[in-house]
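In our numbering, the protein residues as written are 683 to 925.
The block underneath contains the structure these notes are about, expressed in structure tokens.
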């Protein structure tokens, strides 16, 4: 279990607008309702246990971490030329609080369906809420408690298809923005467990921090696949919605 202290006001109180500072402000809004305060990341369910998948899964996690780090340090690269150098301590503090919960169980998760992953995610949520929060699902819960990552073969393949260097331009790799992973929601709908595809580069962490209600982002900009009806939040056209 993660054990992170509250975020120092020195990182959140300055008025100069910076994306990582805004992200830290979001993390600082802890209401005592769960056991993973002051951190960002996902619960990741591994559902592939075929030959060679141990190495592939480990590499996929490393690649995902690299893109999270790139996101945390993004504003150091995007400042205007006339600006004074930005304090990297804010970026360092943000990335220091990146933490994924990795759940692996070959007997219970091998080839698990979206519905099965959703049920296990529900159980994880309930076991990590405080007694007060379990009485009624708390709307103030962050994205870790709303969406989990389903690391099936498609998700692993998409992550490993991303450039090793997150700084690689989409001009050099035109498919970079088309690499997505599956997010499974805590929401059970009449037609089954809600899930969607979210682009790893740029959009995944904007989705995590984009709002206290990431569902709003889905309603505004996600598009429905014509074949399977699944909602998608990836691709070049959506990069303009990056927070």
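Positions of the beta carbon are idealized from the N, C-alpha and C atoms, including for glycine.
Residue 800 versus residue 910: straight-line alpha-carbon distance, rounded
Numbered from its first residue, the chain shown carries residue 800 at position 118. Numbered from its first residue, the chain shown carries residue 910 at position 228. If you take the alpha carbons of residue 800 and residue 910, they lie about 19 Å apart.
Quick check on residue 869: does DSSP put it in helix, strand or coil?
Within the chain shown, the letter at position 187 stands for residue 869. Residue 869: strand per DSSP, three-state reduction.
Which residues does DSSP list as the beta-bridge partners of residue 915?
Start at 1 with the first residue of the chain shown, and residue 915 comes out as number 233. Beta-bridge pairing links residue 915 to 880.
So what's residue 700 in DSSP terms, helix, strand or just coil?
Translated into positions along the chain shown, residue 700 becomes position 18. DSSP places residue 700 outside both helix and strand once states are collapsed to three, so it counts as coil.
Cβ-Cβ separation, residue 726 to residue 831 (assumed contact under 8 Å), whole Å
Numbered from its first residue, the chain shown carries residue 831 at position 149. Numbered from its first residue, the chain shown carries residue 726 at position 44. Right, their Cβ atoms sit about 4 Å apart.
Under 8 Å by Cβ, that's how I've got residue 932 and residue 852 pegged, so tell me the actual separation to the nearest angstrom.
There is no way to answer for residue 932, as the model of the chain reaches only from 683 to 925.
Below 8 Å, can you find three or more Cβ-Cβ pairs linking the region 790 to 805 to the region 719 to 733?
Cβ pair count under 8 Å is three or more, so yes.
Assign residue 727 to one of three DSSP states: helix, strand, or coil.
For the purposes of this step, residue 727 is taken as residue 45 along the chain shown, with counting starting at 1. It is a strand residue.
Inspect the beta-carbon positions of residue 635 and residue 719 and report whether they are closer than 8 Å.
Look at the range of the chain in this structure, 683 to 925, and you will see that residue 635 is not part of it.
By a C-beta neighbour count over all protein chains shown, 10 Å radius and 16 as the cutoff for buried, is residue 883 buried or exposed?
Reading the chain shown from its first residue, position 201 is the one you call residue 883. Sixteen is the threshold: when 16 or more other Cβ atoms of the shown chains lie within 10 Å of the Cβ of residue 883, as they do, the residue is buried.
Within 10 angstroms of its Cβ, does residue 790 collect 16 or more other Cβ (buried), or is it exposed?
Position 108 of the chain shown, counting from 1, holds the residue named residue 790. Sixteen is the threshold: since fewer than 16 other Cβ atoms of the shown chains lie within 10 Å of the Cβ of residue 790, the residue is exposed.
Quick one: is residue 723 buried, meaning 16 or more other Cβ sit within 10 Å of its Cβ, or exposed?
The residue you call residue 723 lines up with position 41 of the chain shown. Counting C-beta atoms within 10 angstroms of its own C-beta, residue 723 has 16 or more neighbours from the protein chains shown and is therefore classed as buried.
So the candidates are 890, 915, 775 and 774; which of them puts its Cα closest to the Cα of residue 902?
For the purposes of this step, residue 902 is taken as the residue at position 220 of the chain shown. Taking residue 902 as reference, the option from 890, 915, 775 and 774 with the minimal CA-CA separation is 915.
Can you give me the C-alpha to C-alpha distance between residue 771 and residue 778, rounded to a whole angstrom?
If you number the chain shown from 1, residue 771 lands on position 89. If you number the chain shown from 1, residue 778 lands on position 96. Near 10 Å, if we compare the C-alpha coordinates of residue 778 and residue 771.
Could you pull out every residue in the same chain whose Cβ sits closer than 7 Å to the Cβ of residue 878, ignoring the five residues on either side in sequence?
Here residue 878 refers to the residue found at position 196 when the chain shown is read from its first residue. Correct list, in chain order: 865, 900, 904, 912, 913, 914 and 915.
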